[in-house]
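Please read the structure below before turning to the comments.
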Amino acid sequence: MAPGRGGMLPVVLGALTGLAYLIVTGPPAAAPQTRRSTQETINAAAEHLADVADTGPKLENPIGAFNGILTKGGAMAPVPSVQLPALAPSVPNLQVSATPASQTGGGPLDKTSATQALRQTETDFDKNFLLTIGGTHPGPVDIVDIPTTTPKPKPYILNAGKTGLPIAEGPRPSWLVKEDELVIDARSPQFGGMLIIQPVLMDADGGWGKPKASRPRWLRSILATNRFHARQHGHAVVLRWHPTHPQLTKWQRRQCGSKVDERTCTKNNERENFNWEKHLMLSEYLTSPQNFTHVLMLDADAALVKHPLNILGEIAKQMEVRNLDVFLTSEDWLKYGENRINGGFLMTRNSAWTRHLFQDTFRAHVKGPGGLRSWKIGLEHQECSSNEQICLNDIMSGSGKEVVKGHMTLESGIIYNRGGCTVRSCGSEPISDRTMETLGMNDDRLQVLHFMGGSKRLAPEVLCDGGKDYTGDGPKGYGCMK
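In mature numbering (1 follows the signal peptide of the UniProt record, and there is no 0), the protein residues as written are -22 to -1, 1 to 460.
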């Protein structure tokens, strides 16, 4: 039954109130959580208002000041502003005014003024601002739940902190990238030269340390050993303790699916993404204004142990003679590992080709399944949707191996990247040469010892407690103190 004359005004006022409420809050919480644009919200509310007006008889100005109503046909007499009651204590009163179509040049139902006032992106909603029609907003207000939008999840950091790292004293150099920290800069002059970069990202389980706590002794002994080597031979050392945002790529998030939350998805991909951070760091510091001649990516559980020898300097000489851009190491200390790359030691020459390589590999990682169509170094349709070691192996031994031939070399891990267990006992591990166990740290071939996996516990035994101090700080120093 149509409302009578006396009941029409409350209907219209109620509809206007509903319009404002709908725009501010979106549909009720029980409604489907589909994304709805601001314009769609306006259109739906305005159409509903016109429907309400059309169902009843035309008014004959029952209160004098009220001169007209909306109709579906587009006719609209001037309507004064209507003061609506506040929707909530934290929400200001809204001024809602209708504009005749004849004045705006709009279509059958003109909503230009409302559209202009509300033409903000959904990002504005995420910033907790409410918008009004026909006026300016007084400023930020309390958070209002808007179920029509789905806010993007914030990047999830499972564990991060720089407490307990051997950060150099003094002003932080301006050339450092992101939140990286300097351990030592022994270059003279402090420009060019060689840089050692190491990610020391805390894993979700806390094996690499916990926020606001000292780092484990095994890690401290290794970091101190590398600092000592850099001090002796004039290198700089930089640590990355905070992972780059976002950790998850779009394809990783899709693979996790809608039923897996951000924390779990981040943890499931943590190991691979932490390893990909190494290629990102290389691409960043190879383009540093410091113009480093060489950049070594060294896993933070790997130690430069042959201190009398300038390990980086000697490798750089080899690279120069052979005109190489990238010096990689194998896992030949294991049986059948002579052709398998280990990503824990990557020595790079600062050349255009090298810069392009690590930009390419990281872009391919971000691209994921399907591969990167065109690489700057000349590869085509190369995929890197697993870990960074597999990516490098595919590049060197796959269909595009001729493209990288002459630029990259794979050298002996027995010398430059030996597993840490070999200096004690690898047990049932199928190592390639048992003399590594009998000689231990006295093996003259050994230059870099990598305490990967379960061998981490051996690091302080070897570097601090084995009769020789490799850290250069003594038993009470940063690396060896208990």
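Beta carbons are placed, not taken as given, at the ideal position from N, Cα and C, and that holds for glycine. Source: prediction; values computed, not measured.
CA-CA distance, residue 457 to residue 206, rounds to 10 Å. Cβ neighbours of residue 237 within its own chain (closer than 6 Å, five residues either side excluded): none. For residue 211, the three-state secondary structure derived from DSSP is helix. Boundaries of the alpha helix (DSSP H) around residue 375: 366 to 375.
Pairwise C-beta distances place the region 381 to 389 in contact with the region 305 to 316, as three or more of them are shorter than 8 Å. The criterion of a C-beta distance shorter than 8 Å is not satisfied by residue 250 and residue 218. Between the C-alpha atoms of residue 443 and residue 186 there is a straight-line separation of about 21 Å. In the structure shown, residue 299 falls within a helical segment according to DSSP collapsed to helix, strand and coil. Three or more Cβ pairs closer than 8 Å define a contact, and the region 225 to 233 falls short of that threshold against the region 165 to 180. Between the alpha carbons of residue 156 and residue 243 lies a gap of roughly 24 Å. In the DSSP assignment, residue 308 forms a beta bridge with 319. Residue 397 is bridged by DSSP to 428. Counting C-beta pairs closer than 8 Å gives fewer than three between the region 369 to 378 and the region 398 to 414, which falls short of the contact rule.
Per the coordinates, the alpha-carbon of residue 350 lies some 17 Å from the alpha-carbon of residue 261. By the beta-carbon neighbour count (other beta carbons within 10 angstroms, threshold 16), residue 199 is buried. Rounded to the nearest angstrom, the Cβ distance from residue 161 to residue 216 is 7 Å, consistent with a contact under 8 Å. Comparing alpha carbon positions, the residue from 380, 379, 344 closest to residue 366 is 344. Residue 273 is bridged by DSSP to 173, 326. In this structure, the CA atom of residue 294 is about 42 Å from the CA atom of residue 232. Counting C-beta atoms within 10 angstroms of its own C-beta, residue 263 has 16 or more neighbours from the protein chains shown and is therefore classed as buried.
In this structure, residue 257 sits near residue 339, with a CB-CB distance shorter than 8 Å. With respect to the C-alpha of residue 394, the residue from 420, 379, 324, 364 having the closest C-alpha is 324. Between residue 311 and residue 174, the C-beta spacing is not below 8 Å. Residue environment analysis places residue 301 among the exposed positions, since fewer than 16 neighbouring C-beta atoms fall within 10 angstroms of its C-beta. Per the DSSP secondary-structure output, residue 339 pairs with nothing in a beta bridge.
In the same chain as residue 303, and ignoring 5 residues on each side of it, the C-beta atoms closer than 6 Å to its own belong to 327, 329, 331, 332, 385, in chain order.
In this structure, the alpha-carbon of residue 341 lies about 31 Å from that of residue 292. Per DSSP, the continuous beta strand (DSSP E) segment holding residue 388 begins and ends at 386 to 389. Nearest Cα to residue 297 within the set 316, 286, 271: 271. Assigned with DSSP and collapsed to three states, residue 198 falls in helix. In the three-state scheme derived from DSSP, where H, G and I count as helix and E and B as strand, residue 226 is classed as coil.
For the pair residue 164 and residue 144, the Cα-to-Cα distance works out to about 15 Å. Residue 351: member of the beta strand (DSSP E) spanning 350 to 352, first to last residue.
Taking C-beta atoms as the reference points, residue 425 and residue 276 fail to come closer than 8 Å.
Using a Cβ distance threshold of 8 Å, residue 392 and residue 423 count as a contacting pair. For the 8 Å CB-CB criterion, residue 194 and residue 138 do not form a contact.
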